[in-house]
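Q: What follows is a single structure, and I will ask about it in a moment.
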Amino acid sequence: MRPITEPDVLAGYLTDASNIAGRADGLFRPTTTEEVAEIVREANRTKTPLTVTAGRTSTTAAAVPMGGWLLSTERLNAIEQIGHSTATAQAGVFLGDFQDAIEATGRFYPPDPTSRRDCTLGASIATNASGARSFKYGPTRPWVESLEVVLANGEIVHADRNTPIPCHWPIPQWAEPEVKTAAGYVPTKRMLDVFIGQEGTLGILTRATVRLTDLPAEVLGFVVFFPTRQAALAFVDRARSAQRADPEGALSPRCLEYLDRHCLDLARERVGDVPDAAVAALFCEQEVSLDEETHLAAWWEALEACGALADDTLITTDDAGRENLHAFRHAIPAGINEQVVRNGMPKVGTDLSVPDAALSTIMEAYDHAPIRHVLFGHIGDNHLHLNLLPTTPDELARAKAFYDELAAQAVALGGSISAEHGIGKTKRDHLRTMVGDGVIEQFRRLKSHLDPNWILGRGNVIEPPL
Amino acid sequence: MKIGVCAKITPDADARIKVAADGQSIVLDGVKFGISDYDEYAIEEAIRTKEKHGGEIVSFTVGDASADKQLRSGALALGVDRSVLVTENPGDPLGIAKLLAAAIQKEGGFDVVFTGKSTIDQQNFQIGTMVAELLGWAHVTQVTALEFEGNQFKATRNMDAGIRQVVAGTLPAVISCEDGLNTVRYAKLPDIMKAKKKPLDSVGAGAIGGDAGAARSSVGNLAPPPARPAGRMIEGDAATAAKELVRLLRDEAKVL
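For the record, the sequence lines run as chains A and B. Read in order, the letters of the first sequence correspond to residues 1 to 466 in the working numbering. Read in order, the letters of the second sequence correspond to residues 1001 to 1256 in the working numbering.
Pasting the structure below:
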């Protein structure tokens, strides 16, 4: 196979949602696993860096090539099997399309990164993606049943839940923080896990089988407003405890998403329906496992007990209405992006998670943001995104320095420097802060063992050798 | 003001529609239902009218007994005071319009009745007009702005080519609502809970003195649109491919 080298074609593949621009000498768009293997063998033989590119929704430049070849999974997009307990597709299928096809059969694949319409199944596994529903269902990892992977030497391997790791693979031994995390190579005994969350550095995913569950028949959607942050945190505490005690109980949200007062200002501009007294809000979903009235009564009681602006709670009881409530939530990123364009400066977005006990501490730290910012995200998992919106190069530098401080503080609190976005090329320093030099060295040994020429996903997760 | 609103329960706008084996209906398994989008504008306008002029809102639906759920969350929870559900299944739009008109007449005393401009399932654009004719009331279609003063109304309606027409008239009237007339509100939690206790009368045609009569039109057959043909790849280097693309756009697609 020969790479496409037309600059006009390559130009569409050189950046991702990080807005960092890369460069590449050629592009392949294989249609079969065998073609992928052939390309990888050639890259390995010629020691040409090979970066996998898919939906380019990464915020960490993981899909941005720093020279060498690009391998786009866009034509590896067949949905091959949808059964009762599992579904199989090639890696390049759009995650949202795959989920639509699964849901049409009454089954459900829960991982829901915000980008699910634009990102691919393979990339969501390669980054161990998560989303709002991860509060109930966890990230991608527990849902992966088996993978087909092309290794750096061109070998095609299959890993399922029982496939052990060959004894000579130097798997890093370290303790991951006990929070939602997508940072670094996992300490594991299963080969399957090695390839989940490795950001295209240890192998190229070409096909995946995932586990399915029951599609919830009905889901209630809520936007709950609070007059104080304390009231919002009290409700998060209460709802989280109830959810953990009984995941199918009357008060058992499947997601708890926080919106701070700056977000509410953006929502006021765009969709209205925000009470004047509100300084914080939660976007929540409740699967209907009992009867609707029982759920509503439990929510009402908890909201009143926690001092929410309960009368103003927006609710939808059907799919169409829930899509409308999503429009409310999506007004926030749209508003932020508009600001970013107006500012002409990139935003600085964090992805830190901390243990339950440290949530209010890290939120107080966010209050000290030196420039204009908004705070939102997966508060059920103590995982909020602080977006700093600089307007000058000086503000950008201050925002970055503040982010470094926050990352160090999250680590000190027992948290993770990346709960879901991964490391890519932009958070290698933070990863080192979190795991230390010794563990980085272990990562390096695993990488060198599986990819001696460092061709795959060069620059992601750990710094390449000079 | 006494305000009526007609609301149909239809498959959700994003439902995946499959034609059933009989070729005349759709597969309803796994399809979720809600109030037709344009009827949601009608409900919203009814609520806004009540907020401004006071009064009472009664909604009317011809449909299955299971419509109860959607009416509670999509009409009663938002501000409709009572719902009348006529559990009949007429064979054509005229039959539906006759039942709606009978129910409106039986209830009596309305100043205005709102409908959607059409429903998103069949897109017949007939109900509003037929109901108005059967009642002998004024009717305006595709309304995007509306004002009341005393027993007079002034409605702005969309015409083709972006032209807007302003129609004035005397109440009672049927107003068919178009996208852009208003923005539909979200339901609030206490209202959903209260909606469970609001009156919803399920009645047969006999109870309202209505009769759908024999259908005057019927569905011949339903077919999905033809599948889109696969894209064509133009081979060759950029210069050759660009020339070929221009030729195809000019000679085959005839868009240049």
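We put the beta carbon where it would ideally sit given N, CA and C, even for glycine.
At a Cβ threshold of 8 Å, is residue 1030 (chain B) touching chain A?
A: yes
Q: May I have the straight-line CA-CA distance separating residue 206 (chain A) from residue 9 (chain A), to the nearest angstrom?
A: Roughly 23 Å between the two C-alpha positions.
Q: Going by DSSP, what residues sit across from residue 1011 (chain B) in a beta bridge?
A: In the DSSP output, where bridge partners are listed per residue, residue 1011 (chain B) has B:1033.
Q: How long is the line joining the alpha carbons of residue 110 (chain A) and residue 1139 (chain B), rounded to whole angstroms?
A: Straight-line spacing of the CA atoms in residue 110 (chain A) and residue 1139 (chain B) works out to 48 Å.
Q: Would you mind sorting residue 387 (chain A) into buried or exposed? The rule is 16 or more other CB atoms within 10 Å of its CB.
A: buried
Q: Should residue 332 (chain A) be flagged as near chain B, meaning a C-beta pair shorter than 8 Å?
A: no
Q: Does the segment 25-33 of chain A come close enough to the segment 430-441 of chain A that 3 or more CB-CB pairs lie under 8 Å?
A: no
Q: Which value, in whole angstroms, describes the spacing of the CA atoms of residue 259 (chain A) and residue 270 (chain A)?
A: Across the structure, residue 259 (chain A) and residue 270 (chain A) are spaced so that their CA atoms are roughly 15 Å apart.
Q: Less than 8 Å between CB atoms is the rule here; does residue 251 (chain A) satisfy it with respect to chain B?
A: no
Q: Could you tell me whether the Cβ atoms of residue 424 (chain A) and residue 146 (chain A) are closer together than 8 Å?
A: Residue 424 (chain A) is not a Cβ neighbour of residue 146 (chain A), given a cutoff of 8 Å.
Q: Could you give the first and the last residue of the continuous beta strand (DSSP E) run that contains residue 270 (chain A)?
A: Residue 270 (chain A) -> not in any beta strand (DSSP E); alpha helix (DSSP H) instead, spanning 261-270.
Q: Taking only three categories from DSSP, how would you classify residue 295 (chain A)?
A: helix
Q: Note down the Cα distance separating residue 44 (chain A) from residue 447 (chain A), rounded to an integer number of angstroms.
A: 14 Å
Q: Would you kindly work out how many angstroms separate the C-alpha atoms of residue 1025 (chain B) and residue 1221 (chain B), rounded to a whole number?
A: 8 Å
Q: Just confirm the distance between the C-beta atoms of residue 1003 (chain B) and residue 1035 (chain B), as a whole number of angstroms; I'd bet it's less than 8 Å.
A: Their Cβ separation, rounded to whole angstroms, is 16 Å, which puts residue 1003 (chain B) and residue 1035 (chain B) out of contact at 8 Å.
Q: Can you confirm whether residue 317 (chain A), when its beta carbon is compared against all beta carbons of chain B, has any partner nearer than 8 Å?
A: yes
Q: Give a yes or no on whether the C-beta atoms belonging to residue 286 (chain A) and residue 253 (chain A) are separated by under 8 Å.
A: yes
Q: Hey, how far is the Cα of residue 241 (chain A) from the Cα of residue 1023 (chain B)?
A: If you take the alpha carbons of residue 241 (chain A) and residue 1023 (chain B), they lie about 52 Å apart.
Q: Determine whether the Cβ of residue 1073 (chain B) lies closer than 8 Å to any Cβ atom of chain A.
A: yes
Q: Suppose the cutoff is 6 Å on Cβ atoms and the five residues either side in sequence are ignored; what does the same chain contact list for residue 1031 (chain B) look like?
A: Excluding sequence neighbours, residue 1031 (chain B) sits near 1011, 1015.
Q: Between the alpha carbons of residue 155 (chain A) and residue 203 (chain A), how many angstroms are there, rounded?
A: 10 Å
Q: Residue range of the alpha helix (DSSP H) that residue 6 (chain A) falls in?
A: Unbroken run through residue 6 (chain A): none, as it is neither H nor E.
Q: The segment 1189-1223 of chain B: which residues have C-beta closer than 8 Å to a C-beta of chain A, in chain order?
A: Hits within the stretch, in order: 1189, 1190, 1192, 1193, 1196.
Q: Could you work out which residues of chain A lie near residue 1232 (chain B), taking near to mean beta carbons separated by less than 7 Å?
A: Chain A residues near residue 1232 (chain B): none, gap ~16 Å exceeds 7 Å.
Q: Apart from the five residues just before and just after residue 1066 (chain B), which ones in its own chain have a Cβ nearer than 7 Å to its Cβ?
A: none
Q: Could you tell me which of B:1193, B:1176, B:1103 sits nearest to residue 1118 (chain B), measuring between CA atoms?
A: B:1176
Q: Just verifying my parser: in three-state terms, what is the DSSP assignment at residue 1110 (chain B)?
A: coil
Q: With distance defined between alpha-carbon atoms, name the residue in B:1094, B:1162, B:1248 nearest to residue 1133 (chain B).
A: Taking the Cα of residue 1133 (chain B) as reference, the smallest distance to any Cα among B:1094, B:1162, B:1248 is reached at B:1094.
Q: Considering only residues of the same chain and omitting the five flanking positions on each side of residue 1196 (chain B), which have a CB-CB separation below 7 Å?
A: 1072
Q: When DSSP labels each residue in this structure, what does residue 1255 (chain B) get in the three-state scheme?
A: coil
Q: At which residue ranges does the segment 3-54 of chain A contain complete alpha helix (DSSP H) runs of 4 or more residues, listed in the order of the chain?
A: 7-10, 33-46
Q: Kindly say whether residue 314 (chain A), judged by its beta-carbon, lies nearer than 8 Å to any beta-carbon of chain B.
A: yes
Q: Give a yes or no on whether 8 Å exceeds the smallest Cβ distance from residue 424 (chain A) to chain B.
A: Contact with chain B is absent for residue 424 (chain A), since none of that chain's Cβ atoms lies less than 8 Å from the residue's Cβ.
Q: Please specify which runs of the beta strand (DSSP E), each continuous and at least 3 residues long, are wholly inside the segment 1063-1130 of chain B, giving them in chain order.
A: 1082-1086, 1112-1116
Q: For residue 392 (chain A), report the span of its beta strand (DSSP E) as first-last.
A: Looking at the DSSP string, residue 392 (chain A) is not in any beta strand (DSSP E), and its letter there is neither H nor E.
Q: Under the assumption that residue 1069 (chain B) contacts residue 314 (chain A) (Cβ atoms under 8 Å), give the Cβ distance between them as a whole number of angstroms.
A: The distance from the Cβ of residue 1069 (chain B) to that of residue 314 (chain A) is about 19 Å, inconsistent with a contact at the 8 Å cut-off.
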